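Everything on this sheet refers to the single structure shown next.
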Amino acid sequence: KRKVSVKDEL
Amino acid sequence: MNVFRILGDVSHLLAMVILLVKIWRSKSCAGISGKSQILFALVFTSRYLDLLTNFISIYNTVMKVVFLLCAYVTVYLIYGKFRKTFDSENDSFRLEFLLVPVIGLSFLENYSFTPTEILWTFSIYLESVAILPQLFMISKTGEAETITTHYLFFLGLYRALYLANWIWRYHTENFYDQIAVVSGVVQTIFYCDFFYLYITKVLKGKKLSLP
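Chains as they are written, first to last, in our numbering: chain R, 7 to 16; chain W, 19 to 229.
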């Protein structure tokens with residue numbers, strides 16, 4: 007399933 | 019945070035610093051694509067809007083601010099301070115050929131149809147092709163200064179290390195981000211040809227020139 011990703015990367 | 023990720027970020031930062039120092043010391047931006055640098059500034063701006071809304075870590079915040087600053091200072095040096103040395107004649111890649119498909123794709127293929135998410139997706143897709151004007155410029159002039167090739171090498175190394183980081187994260191945290199991974203693979207492929215030339219020519223002390 008799709009989910010908004012965790013944006014901890016640069 | 020794993021070792022590939024940290025080395026990737028360091029390599030990314032090093033690439034930007036090499037470019038800034040090159041321009042500053044030689045007081046010239048000859049051979050550098052201003053269009054690629056504008057695209058990178060656009061990439062960071064659209065991706066790091068979450069600086070204002072979302073705190074992740076001190077490291078994350080500091081790096082984002084530094085990346086944004088480097089990108090904007092580079093653009094300023096090329097189009098402002100040292101614009102007389104800028105080779106606009108050979109920086110002739112048509113940006114609309116990148117921007118139109120990238121904008122279209124970010125509306126079609128994203129995790130959620132919200133402004134911030136679309137902007138983030140746009141930045142990921144745009145980053146994967148942002149170096150093309152620079153590579154186009156090198157293929158057009160047929161050569162690159164050695165320092166410019168070091169810049170490209172560290173930028174490509176950063177991408178390759180991020181791929182290793184994602185493989186690591188997939189195995190240790192079961193984490194993966196398919197948009198970032200697919201774009202990252204595409205982006206890394208663009209550097210393969212350059213890596214080959216870098217290893218066979220530049221590392222042996224020769225200038226990078228195309229036949």
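Note that beta-carbon positions come from the ideal geometry of N, C-alpha and C, so glycine has one too.
Please read these numbers as outputs of a predicted model, since none were measured by experiment.
Collapsing the DSSP output to three states places Ala48/W in coil. By the Cβ criterion, the region 92-108 of chain W is not in contact with the region 116-131 of chain W, since fewer than three pairs of Cβ atoms, one from each stretch, lie closer than 8 Å.
With contacts defined as CB atoms closer than 8 Å, Leu179/W and Gly26/W qualify as a contacting pair. When beta bridges are read from the DSSP output, Ala198/W appears opposite no residue. Within chain R, no residue has its beta carbon less than 9 Å from that of Asp105/W; the closest one is some 30 Å off. Residue state for Glu114/W is assigned as helix, using DSSP reduced to three classes. Assignment of beta-bridge partners to Glu161/W by DSSP yields Ser227/W. Neighbourhood of Met34/W in chain R, by CB distance below 9 Å: empty, with the nearest CB roughly 12 Å away. For the alpha helix (DSSP H) assignment, the uninterrupted runs of no fewer than 4 residues enclosed by the region 130-160 of chain W are, from N- to C-terminal side, 133-147 and 150-159. Contact between the region 28-42 of chain W and the region 130-140 of chain W is absent: fewer than three C-beta pairs spanning the two stretches fall below 8 Å. Apart from the 5 residues on each side of it in sequence, Leu123/W sits with its Cβ closer than 7 Å to the Cβ of Tyr143 in its chain, given in chain order. Rounded to whole angstroms, the gap between the alpha carbons of Ile76/W and Asn20/W is 17 Å. Looking at Thr92/W, Ile56/W, Glu163/W and Leu67/W, the one whose alpha-carbon comes closest to that of Phe111/W is Ile56/W. In the DSSP annotation of this structure, the continuous segment of the alpha helix (DSSP H) that includes Phe85/W starts and ends at Ile76 to Tyr94.
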